[in-house]
Every structure is written in structure tokens, then in C-alpha cells.
Amino acid sequence: MADTMNRASKDDAPLSTANKESQAIDEATDGLIVQRGDKLVARAVTINRPRAELYAFWRDFSNLPPILDNVVRIDVLDRERSHWVVKAPAGGTVEWDSRITEDREGELIAWASEDGADIPNSGRIEFRDAGARGTVVVATINYAQPGGTIGRVISRIFQREPKMQAQRDLRRFKQLMETGEIATSSRTQQQLEEERN
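Residue numbers (the UniProt record's numbering): 1 to 197.
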């Protein structure tokens, strides 16, 4: 009975919807193998695809740049390490090497940036069964905000604030996995050329 009460009182919602934010931050940060910052973002989306399929797609980091809007490129160095190049809030790019700290097939991938990262970060992406609805994908990211308050304001102005970006990236992942494409309101170069002809 006591075990049931403990589980019932524990808020297992993503951080963004948790009732007790400070408790949720502590629990989510404790769940990160390596803490790499003072800001925490958690977002979730339900995708109507099997958990194993979503995990396999995400585990191949070369699949991620079209989904992760601010990512310029990811160079896979080996099975555990990768080099990330990401758009900076006010122009230019930032870079870091990342190492997988935990990998449970079909369930989760956790990572941490290595020493010397332009933006120290860590996090995890979890894949949880949602029955007939598919899979709940939960992304939790811990990072050091560059530039403090000014950096946060610049990130918001340029639409590169991690809270906003995480939700958009998960929506793009959902679109791609459920429909085979990512919806966009902008025209591609090919579409513009076709219209001109």
C-alpha cells in the first residue's frame, strides 16, 4: 500500500507539465547521468509509430539534422561519440563533442557533451509505450545558458531558445515519422523554379 501511495503521489509528467516544478527539476536532473548546465527543458509528444522504430531512427544521428532545426550537421565519430555543429542565437555556430552515457535499445538514449563544449549540455530521449496510440517520446535537456539573461533574450528574439526549439523539433519528428515528410510554410528552391517556369 505504501509503495502504491508513493507512486501515486510522484509526478511522472514531463517537466513542462509537472505540478511541483522544483521537485520535477531535481528528479529529471538526477535522471541525467551527467549534469552539464543550470537550465532544464523537458518536452513530450505522442507519435503513432512503434517504439523500436522511433528509437532506431533517432539512434542513427545522421538522421537528425533535418528534424533538429538549429543543427547544421552531426559528424558521427564512432558508436558512442559525435561532433555537433549548431546555429548560435545571434549568428554563427557553436560546436561540441558528445558522448552517449546510456543506451537502452528501444527505451532511451542519454548523452553528455565532453569537456570544452561551446555550450555544455546533457540530456536524454525516452521512448515509452502508449498502447494503440503509439509511443510517447520525452526529450529532457540540461544546458548552460550562454550569455546569461542577455543570451536568453537573444535566443528568444531569434527563435532559438531551447524550450521553444525542443517542442518544434519533436513536432517535426512526429510529422516525419507519421507522414514521411516535414510540413513547412516556406518554399524550396525547386518549388520557386517550378513556379517561374
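Ideal Cβ positions, reconstructed from N, Cα and C, are used throughout, including at glycine. Please read all numbers here as calculations on a predicted model, not as lab measurements.
Residue i in three-state terms, based on DSSP
i, result
"Glu80", "coil"
"Thr135", "strand"
"Asn70", "coil"
"Leu176", "helix"
"Ala166", "helix"
"Asn63", "helix"
"Ala183", "coil"
"Glu53", "helix"
"Val153", "Low per-residue confidence applies at Val153: pLDDT is 44, beneath 50, and the placement is therefore not dependable enough to give any value."
Cut-off 6 Å between Cβ atoms - residues of its own chain near residue i, not counting five sequence neighbours on either side
i, result
"Glu126", "Leu108, Val138"
"Tyr55", "Gly106, Phe127"
"Asn63", "Phe57"
"Gln175", "Ile182, Ala183"
Contact set for residue i: own chain, Cβ-Cβ below 7 Å, skip 5 residues either direction
i, result
"Glu21", "Residue placement at Glu21 is poorly supported in this model, since its pLDDT is 42, which falls under 50; the coordinates still yield a value, given next. Nothing meets the Cβ criterion."
"Pro66", "Ile182"
"Ala166", "Val41, Arg43, Ala139, Ile141"
"Asn70", "Val86, Lys87, Arg160, Gln165"
"Gly180", "none"
"Asp129", "Arg51, Thr135"
"Arg104", "none"
Test item: CB-CB of residue i and residue j under 7 Å
i, j, result
"Arg124", "Ala110", "yes"
"residue 226", "Gly106", "Lying outside 1 to 197, the shown extent of the chain, residue 226 is not represented and no answer is given."
"Phe61", "Val76", "yes"
Among the options, the one whose alpha carbon lies nearest that of residue i
i, options, result
"Ala112", "Ile141, Arg104, Lys87", "Ile141"
"Val72", "Val85, Thr46, Lys174, Ala132", "Val85"
"Arg59", "Glu102, Thr93, Asp118, Gly134", "Glu102"
"Leu68", "Glu53, Ala56, Asp118, Lys87", "Lys87"
"Ala144", "Pro120, Gly116, Val76, Val45", "Pro120"
"Glu114", "Arg104, Ala130, Trp96", "Trp96"
"Thr135", "Gly92, Thr184, Asn70, Met177", "Met177"
"Gly116", "Val94, Asn63, Met164, Arg104", "Val94"
"Asp118", "Lys174, Gln175, Thr184, Gly92", "Gly92"
Beta carbon proximity, residue i to chain D, threshold 7 Å
i, result
"Trp84", "The structure shown contains no chain D; it is built from a single protein chain."
Residues of its chain near residue i, where Cβ-Cβ distance is below 8 Å and the 5 sequence neighbours each way are ignored
i, result
"Arg133", "Thr46, Asn48"
"Ile74", "Phe61, Ser62, Leu64, Pro65, Ser82, His83, Trp84, Val85"
"Glu53", "Met177"
Any contact between the segment 76-88 and the segment 167-180? By contact I mean 3 or more CB pairs, one from each, below 8 Å. no
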